[in-house]
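Engineer: In the numbering used here, the protein residues as written are 45 to 148.
Ideal Cβ placement from N, Cα and C applies to all residues, glycine included.
Sending over a structure as structure tokens; questions will come in a sec.
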Amino acid sequence: MHFKTHTEAMENILDFFLYNEISPKEKLGPTGRTIEAKLLKRINAVIAIMRDVEKTQTKPTVAMLQSLFVMEEPNKKPLIVEKKYAEENKEVRFREKRNLKNEL
45 MHFKTHTEAM ENILDFFLYN EISPKEKLGP TGRTIEAKLL KRINAVIAIM RDVEKTQTKP
105 TVAMLQSLFV MEEPNKKPLI VEKKYAEENK EVRFREKRNL KNEL
């Protein structure tokens, strides 16, 4: 639309604001920058939550499951005490009390 005078242009602009019930002084809504900033904050919050879940739940659970499947050979204990162990323990554990006066 082309207007012949500035007055016609201003009248049409004012009619637009009146028809749509908006004021030229008020903001129409969030701008692209504010929307982007809010989205980045939300994304960073989601990333922080995912990292926390990974640290506190996922990794310990994986470690527990892996420890269940690790096969270790049990220590072989001799069923009968071998002589070499029996000979090493020649220390007397109990001794009679020596009574110098030979009293009961």
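Give the range of the alpha helix (DSSP H) segment to which ILE79 is assigned.
Structural biologist: 76-97
Engineer: Under 8 Å between the Cβ atoms of ALA53 and PHE60?
Structural biologist: no
Engineer: Suppose you measure from the CA of LEU182 to the CA of PRO104; what does that come to, to the nearest Å?
Structural biologist: The first residue shown for the chain is 45 and the last is 148, placing residue 182 beyond what the model contains.
Engineer: Taking the C-alpha atoms as reference points, what is the distance between LEU62 and THR78?
Structural biologist: 28 Å
Engineer: Distance check for GLU117 and LYS94, CA to CA, integer angstroms please.
Structural biologist: Position check: residue 94 holds Met in this sequence, whereas Lys was assumed. Those two C-alpha atoms are separated by around 38 Å.
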